[in-house]
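Written below as structure tokens is the structure these notes are about.
2 protein chains.
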Amino acid sequence: MNAPTPGHALATPRAVPATMLATLQQRFGERCSTSAAVREQHGRGESVYDAAPPEAVVFCESTDEVAFAVALAAQHGVPVIAYGTGSSLEGHLLAVQGGISVDLSRMTAIIAINAEDLTVTVEAGVTREQLNREIRETGLFFPIDPGANASLGGMAATRASGTNAVRYGTMRENVLGLTVVTASGEVIRTGTRAKKSSAGYDLTRLFVGSEGTLGVMTEVTLRLFPLPEAVSAAVCHFPSVDAAVQTAIQIIQMGVPIARCELLDANAIRAVNRHSKLSLRELPMLLMEFHGSEAGVQEQAETVQALAAEQGGEAFEWARTPEERTRLWAARHQSYFAALQMRPGCRCQSSDTCVPISRLAESINESVAEAEASGIPYWIVGHVGDGNFHLSYLMDPNDPRELAAVEALNVKMVQRAIRLGGTCTGEHGIGLHKMGYLVEEAGEGAVALMRSIKRALDPQNIMNPGKVFTL
Amino acid sequence: MNAPTPGHALATPRAVPATMLATLQQRFGERCSTSAAVREQHGRGESVYDAAPPEAVVFCESTDEVAFAVALAAQHGVPVIAYGTGSSLEGHLLAVQGGISVDLSRMTAIIAINAEDLTVTVEAGVTREQLNREIRETGLFFPIDPGANASLGGMAATRASGTNAVRYGTMRENVLGLTVVTASGEVIRTGTRAKKSSAGYDLTRLFVGSEGTLGVMTEVTLRLFPLPEAVSAAVCHFPSVDAAVQTAIQIIQMGVPIARCELLDANAIRAVNRHSKLSLRELPMLLMEFHGSEAGVQEQAETVQALAAEQGGEAFEWARTPEERTRLWAARHQSYFAALQMRPGCRCQSSDTCVPISRLAESINESVAEAEASGIPYWIVGHVGDGNFHLSYLMDPNDPRELAAVEALNVKMVQRAIRLGGTCTGEHGIGLHKMGYLVEEAGEGAVALMRSIKRALDPQNIMNPGKVFTL
């Protein structure tokens, strides 16, 4: 499938000059690859697009190496696309204007654990799972968990969130500082390790969510949280998606400090059951987790159970052991791959709208009605405590009518979310796919302002060009 | 006192042409003032600086009027300084390069209360106290409370915080969206009412903390919070400032979700007692507040009492009634004015450093030792749960040696904070006073990047020029 955006269509690939390639090969040796397989792998992600491979992939092992590669690219006016684990969902990694991929997956050092300050500084290639493994002994954890085991650099680049965001915030709230290689190849640092600051422009949050278009983040300083004294997880089944959603809305409106509040529809549960060998009942379900003191967790659970009961929710089924809990959440995180297996050979297109919590039922219910009417297989998971959900279609990539139908349904979902005061993307980013939606959401004036910033920081348009907006 | 910065010294005032003034007078009538008293009032704040009055003050009543004034100023290349309540502490309001003041204090409409989404949209001139009065019936509140009854536009502009930030975050976390008049006089909107978004550059957080140098914020959409079921406040006295600070550090490191955790030293208590007719014991003290369920508040208080006891803290004295609680917090918020009265005719210079929590004792104790050795009257209040404190000197404005001594002490405090991994300003902003410190903290490269953004968004340098950094 081709990107349905002018940015892609108008792209004029900029060739990597032979001298530049030679310099990269001299500096990086075998860590500069031009093999078709490596390039192909780096020129796509988990999106619906066909790969658009870069001309070369450079496996960097330090900020200095990234700075070297970017400075060289700047000298030659060649695009640079940062690559972490390749879990992007919106086409961020496609080399639509050519250039090189800077792979950060070998930058996996934990630079400093400051447990007494609840902060950690890591290289951008560290994944969320590695981080949590390496800090386990400290009694702290890092809560942000997009489904994939993404790199923290990539998560910062897309302003990722996940299941814990309802209580702990997203990458927006949890990145304290960055080391960034700018478009000229200079190394700067943003933020400090202090919890707050009023010192100058918030460069940290400008880079967070900039999808590689303003610079390459090579180090990330993050907030950590004490592991809660008590954790308990429960599932609650509902007679309808609407009943589950109404319950989630009330939990938030009452200010219950729930840690996770996830919706799975019957289709998602069916996939998860098959993939993860679970036997969850195939009814709409909230999967919830409560963090706090023993008494606090108990209190939260009682409040939520009462709210659920009013909507016809059944009695909570508790995950009694940490192992049971881990198994449930692993299943939730694997739901994407589980669902893909429900239609062999398919590709998946996920919506990612997020709306003010009071409009969530409208946002989901109308989308469900449209999905049912379409006859195309779909499933829903949602970070409903945040007003964010993913309705994902399983499409036959060889059926142009189906692709077009899904795109049309997606447009309706996004336009509805914007009309309801929400956003076209809660956590996946704009990439190639949502450039048009960004303009609808933010308006021409705001996007023009983003363009001015881009031109100021990347005058040659070499940092992941052709993404987020057209220039 | 003159601003000790090149930005001020090099300022070349840009005159308001007679034709521009005539156009303003025609459009705004009596709401365009050139009276000396009004100009003088708008050309200063609560900082140590002598006033630098604008040439005219325009009292705007709508976004359109602000856009008109800014577009006109852009046409003539004349500086524009936004004015809320005048409570800036770092010289933000001085018209160091001339121009007009755009007064937003009459823009006090509550545009939309969306209680069911826990959001509100207000005009920028609404103050935090007005907001909380107007939403009282909803069962929600807005927690951010700098000492002054500042305007929400001004609070957004300086990325303000205050006593509740330890639990609820700062303006950085609590502004969801903005209406902004850009440097060309165009009106844009940033953000949405959704709780999170990955849609494009985070313009909201770029404007938050930009101190009026990138545009004028005219409307602000904010997060609200449910009033907690139970609130209790207590004071705890300690044998030393260090003992109080060690307790605060442990509260945070243990993850106690304390809502407010304020330090007052004996000097601050003395001032507060006299000004607010209280009879607090004149010993270092933590003033704390706990929010949650009845049981949760009880649990938190017990944990904190145990931590305090280990540091020699005395038994908690509880504010038993809401009135008693309000009186304590009002006294805390008036501590600035209370302290000013301890030395008639003095001016005050407040530090505002913020460090990682584990370095807070070092940061405060060394500053106290220097303050004691100086012999100059001072007092300390601190949002110690955030690692943020204010050591404020009461200076004789007619004694140049004292002014120089305080400036030298301030430099030492700031450099110490930066050395400890912190920031030169936790919540007051850079303004005129801290431009040099910003470079020390962020580095030339990061400040150069801020300058690029400023030039891109405000090519004529008319938005509050000469602040934050030199161009």
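Same order as they appear, the protein sequences are chains A and B. Just so you know, we're using the numbering used here here: the first sequence kicks off at 650 and counts up by one. Just so you know, we're using the numbering used here here: the second sequence kicks off at 650 and counts up by one. Glycine included, C-beta positions come from ideal geometry on N, C-alpha and C.
Check whether residue i and residue j have beta carbons under 9 Å apart
i              : j              : result
residue 897/B  : residue 1034/B : yes
residue 863/B  : residue 713/B  : no
residue 1030/A : residue 914/A  : yes
residue 1100/A : residue 1118/A : yes
residue 820/A  : residue 832/A  : no
residue 1032/B : residue 815/B  : yes
residue 809/A  : residue 867/A  : no
residue 1016/B : residue 1055/B : no
residue 784/B  : residue 762/B  : yes
residue 916/A  : residue 991/A  : yes
residue 1094/B : residue 775/A  : no
Terminal residues of the beta strand (DSSP E) in which residue i lies
i              : result
residue 872/A  : 864 to 872
residue 762/A  : 759 to 763
residue 934/A  : 934 to 941
residue 1038/A : 1037 to 1044
CA-to-CA distance, residue j to residue i, given in whole angstroms
i              : j              : result
residue 874/A  : residue 865/B  : 36 Å
residue 1006/B : residue 737/A  : 35 Å
residue 695/A  : residue 985/A  : 10 Å
residue 1077/A : residue 1009/A : 18 Å
residue 670/A  : residue 716/A  : 16 Å
residue 830/A  : residue 666/A  : 22 Å
residue 692/B  : residue 1044/B : 21 Å
residue 904/A  : residue 894/A  : 16 Å
residue 788/B  : residue 876/B  : 6 Å
residue 658/A  : residue 966/A  : Caution is warranted here: a pLDDT of 42 is assigned to residue 658/A, below 50, making its placement in the model unreliable, and the coordinate value is therefore given only provisionally. Whole-angstrom Cα-Cα distance: 51 Å.
residue 732/B  : residue 752/B  : 5 Å
residue 675/A  : residue 725/A  : 17 Å
residue 720/A  : residue 702/A  : 21 Å
residue 958/B  : residue 843/B  : 43 Å
residue 1025/A : residue 1052/A : 10 Å
residue 870/B  : residue 791/B  : 11 Å
residue 955/A  : residue 1011/A : 23 Å
residue 1112/A : residue 1074/A : 22 Å
residue 1067/A : residue 948/B  : 42 Å
residue 1036/B : residue 1082/B : 21 Å
residue 900/B  : residue 907/B  : 8 Å
residue 944/A  : residue 944/B  : 8 Å
residue 677/B  : residue 730/A  : 51 Å
Check: residue i C-beta below 8 Å from any heavy atom of the ligand SAM
i             : result
residue 763/B : For the structure depicted, the ligand SAM is absent and the ligand set is empty, with no information on it obtainable.
Boundaries (first-last residue) of the alpha helix (DSSP H) holding residue i
i              : result
residue 712/A  : 712 to 725
residue 980/B  : 971 to 982
residue 810/B  : It is not in any alpha helix (DSSP H) - residue 810/B carries neither H nor E in the DSSP assignment.
residue 770/B  : Taken as a continuous stretch (DSSP letters only), residue 770/B belongs to no alpha helix (DSSP H), being part of the beta strand (DSSP E) at 768 to 772.
residue 1021/B : 1009 to 1023
residue 1086/B : 1084 to 1091
residue 1052/B : 1049 to 1068
Using a beta-carbon distance cut-off of less than 7 Å, what residues from the stretch 1061 to 1094 of chain B approach chain A? 1070, 1071, 1072, 1073, 1074, 1075, 1076, 1077, 1078, 1079, 1087, 1090, 1091, 1092, 1094
If you measure beta-carbon to beta-carbon, which residues of the stretch 1100 to 1117 of chain A are closer than 7 Å to chain B? 1101, 1102, 1104, 1105, 1106, 1117
Residues, ordered as in the chain, of the stretch 717 to 751 of chain A that lie near chain B by beta-carbon distance below 7 Å: Of all residues in the stretch 717 to 751 of chain A, none has a Cβ within less than 7 Å of some Cβ in chain B.
Quick one, which residues of the stretch 836 to 862 of chain B are near chain A if we go by CB-CB under 8 Å, in chain order? Sequence-ordered contacts of the stretch 836 to 862 of chain B with chain A read 836, 837, 838, 839, 841, 842, 843, 844, 845, 846, 847, 848, 849, 850, 851, 852, 854, 855, 857, 858, 859 [C-beta pairs closer than 8 Å].
Under 8 Å, with one C-beta from each stretch per pair, do the stretch 680 to 690 of chain B and the stretch 764 to 783 of chain B reach the 3-pair mark? no
Check each residue of the stretch 800 to 815 of chain A: if its Cβ is closer than 7 Å to any Cβ of chain B, include it; give the result in chain order. Cβ contacts with chain B come from 807, 808, 810, 814.
Using 8 Å as the Cβ pair cut-off and three pairs as the minimum, do the stretch 994 to 1002 of chain B and the stretch 1055 to 1066 of chain B touch? yes
Any contact of the stretch 844 to 856 of chain A with the stretch 853 to 861 of chain B, i.e. 3+ C-beta pairs under 8 Å? Segments in contact, yes.
Chain-ordered residues of the stretch 899 to 918 of chain B with a beta carbon less than 9 Å from chain A: 901, 902, 903, 904, 906
Should the stretch 878 to 892 of chain A be called in touch with the stretch 925 to 939 of chain A, which here means at least 3 C-beta pairs below 8 Å? yes
Validate contact between the stretch 970 to 990 of chain B and the stretch 917 to 932 of chain B using beta carbons, cut 8 Å, 3 pairs: Cβ pair count under 8 Å is three or more, so yes.
Residues of the stretch 928 to 948 of chain A in Cβ contact with chain B at a cutoff of 7 Å, in chain order, please. 942, 944, 945, 948
Check each residue of the stretch 772 to 792 of chain A: if its Cβ is closer than 7 Å to any Cβ of chain B, include it; give the result in chain order. none
So if I threshold CB-CB distances at 9 Å, which residues from the stretch 993 to 1027 of chain B count as touching chain A? 1001, 1002, 1003, 1004, 1005, 1006, 1007, 1008
Which residues, taken in chain order from the stretch 1026 to 1043 of chain A, show a beta carbon closer than 7 Å to some beta carbon of chain B? 1035, 1036, 1037
Going along the stretch 957 to 976 of chain B in order, which residues come within less than 8 Å of chain A, judged by CB to CB distance? Against chain A - using a Cβ distance shorter than 8 Å - the stretch 957 to 976 of chain B contributes no residues.
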